[in-house]
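Residues are numbered in my numbering as their position in the sequence shown, beginning at 1, plus a constant of 53.
Everything on this sheet refers to the single structure shown next.
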Amino acid sequence: MAIAGKRFLTGYDYSAHFVVEGHSMSEVKSKLAQTRKAVSSFGTEIANTIPTVLGAMPFMPLYPILGPQGERWVPMHGLLSFSKMQEMHNRLMDLYEEKKDAMEECSVYAGAMYMTYSTHSFLYEVALYWQDERTVYHKLYLDQEYLDMLPTYPENKEGRALVAELRASIQDIYSDLGAVHFQVGKSYPYQKGRQPLASDALKSIKQSLDPKNLMNPGALGIE
54 MAIAGKRFLT GYDYSAHFVV EGHSMSEVKS KLAQTRKAVS SFGTEIANTI
104 PTVLGAMPFM PLYPILGPQG ERWVPMHGLL SFSKMQEMHN RLMDLYEEKK
154 DAMEECSVYA GAMYMTYSTH SFLYEVALYW QDERTVYHKL YLDQEYLDML
204 PTYPENKEGR ALVAELRASI QDIYSDLGAV HFQVGKSYPY QKGRQPLASD
254 ALKSIKQSLD PKNLMNPGAL GIE
């Protein structure tokens with residue numbers, strides 16, 4: 054792993070990583086053989102770096118709150134049924150194509166991560182990056198030694214506004230396709246798609262426990 058480092062990422066647009074588990078080593082080897090058989094025709098096997106690192110360090114430092122070149126970064130995700138994934142991808146690519154010139158002008162680019170959850174759902178995570186100045190949040194949570202290794206950028210209000218616009222459009226796509234999310238709060242429109250009885254019950258609980266709406270106002274779409 055030390056020899057391979059990050060070199061396996063060079064020259065490729067995408068990489069896929071598989072974690073295989075089983076009750077015995079023979080079961081693990083059997084699943085691994087099936088995995089190799091299923092995907093070997095689509096690419097080249099690489100060093101087992103990322104799954105090994107994630108297994109050894111499941112709670113990693115917060116370095117990814119900036120991009121690899123010090124860019125600002127915001128992620129979005131949605132879990133969808135397998136039947137919705139192609140439409141999700143197509144609509145997202147159409148959005149990027151529509152905003153291509155603006156994204157290039159504002160130094161905004163996008164990445165993505167995909168993950169399956171057994172046979173239940175498919176996670177499509179979008180990552181938006183743009184060149185912009187750091188915030189107090191970045192300076193507070195990241196070591197100065199690490200920050201000194203990364204480039205810095207001037208304020209980019211246009212890029213920031215474009216990212217906000219892209220996030221809203223992507224969230225509309227997620228909502229249209231019935232995506233669900235691991236987090237709720239304020240980033241995702243929790244009330245959208247809720248049945249009226251469920252929404253009324255939640256608002257009633259909120260009113261009973263917090264009649265003055267002092268606790269995290271606006272969260273869960275409750276004003």
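Think of the CB as a built atom: it goes at the ideal place given N, C-alpha and C, for glycine as much as any other residue.
Note that the structure is a prediction, hence the values are computed from the model and not measured.
Beta bridge counterpart(s) of residue i as assigned by DSSP
i, result
"threonine 169", "Phe175"
"methionine 129", "Val179"
"alanine 163", "Leu181"
"valine 233", "Leu132"
"leucine 267", "In the DSSP output, where bridge partners are listed per residue, leucine 267 has none listed."
"leucine 119", "Arg125"
Distance between beta carbons of residue j and residue i, contact taken as under 8 Å
i, j, result
"leucine 273", "leucine 255", "7 Å"
"phenylalanine 175", "methionine 138", "5 Å"
"alanine 163", "alanine 180", "7 Å"
"valine 81", "valine 72", "Rounded, the Cβ-Cβ distance is 10 Å, inconsistent with contact."
"leucine 133", "methionine 141", "6 Å"
"arginine 220", "valine 161", "About 11 Å separates the two Cβ atoms, so there is no contact after all."
"leucine 85", "cysteine 159", "So it is not a contact: roughly 44 Å between Cβ atoms."
"glycine 120", "tyrosine 182", "4 Å"
"leucine 148", "serine 222", "6 Å"
Cβ-heavy atom distance, residue i to the ligand COA, below 8 Å
i, result
"serine 261", "Among the components of this structure there are no ligands whatsoever, and the ligand COA is therefore not found."
Under 9 Å between C-beta atoms of residue i and residue j
i, j, result
"isoleucine 103", "serine 68", "yes"
"glycine 123", "leucine 193", "no"
"lysine 152", "glutamate 218", "yes"
"aspartate 87", "arginine 125", "In the sequence on display, residue 87 carries glutamine and not aspartate. The answer is no: Cβ separation not under 9 Å."
"glycine 246", "glycine 231", "yes"
"serine 228", "proline 242", "yes"
"glutamate 178", "methionine 129", "yes"
"glycine 238", "asparagine 266", "no"
"isoleucine 275", "glutamine 244", "yes"
"leucine 195", "isoleucine 118", "yes"
"tyrosine 167", "glutamate 186", "no"
"tyrosine 65", "glycine 96", "yes"
"arginine 144", "isoleucine 226", "yes"
Enclosing alpha helix (DSSP H) for residue i [first to last residue]
i, result
"asparagine 143", "138-151"
"valine 92", "78-92"
"valine 106", "102-109"
"glutamine 260", "249-262"
"glutamate 198", "197-200"
"valine 73", "Run containing valine 73: none; DSSP gives neither H nor E here."
"tyrosine 194", "189-194"
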